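A.B. asks: Okay, here's the structure, questions in a sec.
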Amino acid sequence: MEEQEILTTLKILIIGESGVGKSSLLLRFTDDTFDPEQAATIGVDFKVKTLSVDGNKAKLAIWDTAGQERFRTLTPSYYRGAQGVILVYDVSSKQSFTKLDAWLSELETFATKHDMIKMLVGNKIDKEKREVSKEEGLKFARKHHMLFIEASAKTKEGVQCAFEELVEKIIQTPGLWET
Ligand code: GDP
Ligand code: MG
1 MEEQEILTTL KILIIGESGV GKSSLLLRFT DDTFDPEQAA TIGVDFKVKT LSVDGNKAKL
61 AIWDTAGQER FRTLTPSYYR GAQGVILVYD VSSKQSFTKL DAWLSELETF ATKHDMIKML
121 VGNKIDKEKR EVSKEEGLKF ARKHHMLFIE ASAKTKEGVQ CAFEELVEKI IQTPGLWET
């Protein structure tokens, strides 16, 4: 079989309110684990994973917030040079959904690549409690030109898809990742 060459390293960010499951989604994607006790304040700086999309191989450096989002102290260097962002809310928390506007405006302020590809993820769909419908999520995503998926870091549903669709779109967008 032909060896695929690694195309590039992409910087992907995960942002959103504290407790929505950002670190859990990342660990589900990179290590296929889920820890129900995941301490909300503990996070990694970033994780690296190689992904094959459309016959192309990309190395992803996925940045987590290490808990700083609690105090809204994500710095411009966190955003710098990112080609993609995953904005997460919790479908069982209306509050996490209403904060999406604030996250988008922070992104506008700090991101250097304004044509960065954005994926909206409604997490925790395994929970019985739901405060945000799929339609509301989809409507918000459309309004802000974002990709959209509902997911559960707990059951794995939608997690792989979220990252794959984001990377696929980045690779298909001319000028975004080529040097
Ligand atoms: P972060 O602050 O956004 O990084 O959120 P964490 O990943 O630390 O998760 C916060 C809490 O939500 C933890 O107790 C997780 O176990 C829990 N959690 C994360 N994702 C899910 C999910 O898909 N379903 C359920 N039921 N709980 C989740
Ligand atoms: Mg975290």
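Residue numbers (full-length UniProt numbering): 1 to 179.
Glycine is no exception: its CB is placed at the ideal position from the N, C-alpha and C atoms.
The structure displayed is predicted, hence computed values, not measured ones.
1) Would you tell me roughly how many angstroms separate the C-alpha atoms of Ile-14 and Lys-154, rounded to the nearest one?
2) Taking the C-alpha atoms as reference points, what is the distance between Tyr-78 and Gly-19?
3) Short of 8 Å in beta carbon distance, which residues of its chain neighbour Leu-25, apart from the five on each side in sequence? Order them along the chain.
4) Taking all protein chains shown into account, do 16 or more other C-beta atoms lie within 10 angstroms of the C-beta of Phe-71, making it buried, or fewer, making it exposed?
5) Alpha carbons only, please: which of Glu-17, Trp-103, Thr-65 and Thr-30 is nearest the one belonging to Ser-92?
6) Exposed or buried, Ser-23, counting other C-beta atoms within 10 Å across all chains shown (16 or more means buried)?
7) Shorter than 6 Å, the distance from the beta carbon of Lys-22 to the closest heavy atom of the ligand MG, or not?
8) How big is the Cα-Cα spacing for Lys-47 and Thr-30?
9) So does Ala-153 have its beta carbon nearer than 6 Å to some heavy atom of the ligand GDP?
10) Report yes or no: do three or more beta-carbon pairs, one from the stretch 126 to 144 and one from the stretch 97 to 105, lie closer than 8 Å?
11) Can you tell me whether Asp-31 sits near the ligand GDP, meaning its C-beta is under 6 Å from at least one heavy atom of the ligand?
12) Give, in chain order, every unbroken run of the beta strand (DSSP E) that is at least 3 residues long and sits entirely within the stretch 98 to 167.
13) For my contact list, Asn-56 and Leu-104 are in at a C-beta cut-off of 8 Å; report their separation, rounded to the angstrom.
14) Please return the same chain residues whose Cβ sits closer than 8 Å to the Cβ of Pro-36, not counting the five positions on each side in sequence.
15) Of the choices Val-132, Glu-157 and Glu-108, whose alpha-carbon is the least far from that of His-144?
16) Using a 10 Å radius around the Cβ and a threshold of 16 neighbouring Cβ atoms, would you call Arg-80 buried or exposed?
17) For Phe-34, does the three-state DSSP call read helix, strand or coil?
18) In terms of alpha-carbon separation, which member of Thr-112, Gly-84, Phe-34 and Glu-131 lies closest to Leu-60?
19) In the DSSP assignment, what are the bridge partners of Leu-87?
C.D. replies: Walking through what the data contain:
1) The C-alpha of Ile-14 lies about 17 Å from the C-alpha of Lys-154.
2) Just so you know, the alpha carbons of Tyr-78 and Gly-19 end up roughly 19 Å apart.
3) If we look at Leu-25 and ignore the five residues flanking it on each side, its Cβ neighbours are Ile-14, Ile-86, Val-88, Val-121, Asn-123, Ala-151, Ala-153, Val-159 and Ala-162.
4) By the neighbour-count definition (other C-beta atoms within 10 Å, threshold 16), Phe-71 is an exposed residue.
5) With distances taken between Cα atoms, Ser-92 lies closest to Glu-17.
6) The residue is buried, with at least 16 neighbouring Cβ atoms inside 10 Å.
7) Indeed, a heavy atom of the ligand MG lies less than 6 Å from the Cβ.
8) Straight-line spacing of the CA atoms in Lys-47 and Thr-30 works out to 7 Å.
9) Yes, the ligand GDP has a heavy atom inside 6 Å of this Cβ.
10) With contact defined as three or more Cβ pairs closer than 8 Å, the stretch 126 to 144 and the stretch 97 to 105 are in contact.
11) Not a single heavy atom of the ligand GDP lies less than 6 Å from the C-beta of Asp-31.
12) As for any beta strand (DSSP E) of minimum length 3 sitting wholly inside the stretch 98 to 167, the runs are 117 to 123 and 147 to 150, ordered along the chain.
13) The pair is not a contact, with the Cβ atoms about 29 Å apart (cut-off 8 Å).
14) Taken in chain order, the residues that qualify are Lys-154.
15) Answer by Cα proximity: Glu-108.
16) Under the 10 Å beta carbon count, Arg-80 is surrounded by fewer than 16 other beta carbons and is classified as exposed.
17) Phe-34 falls in the coil class under three-state DSSP.
18) That would be Gly-84, whose Cα lies nearest to the Cα of Leu-60.
19) Paired residue(s): Ile-15 and Leu-120.
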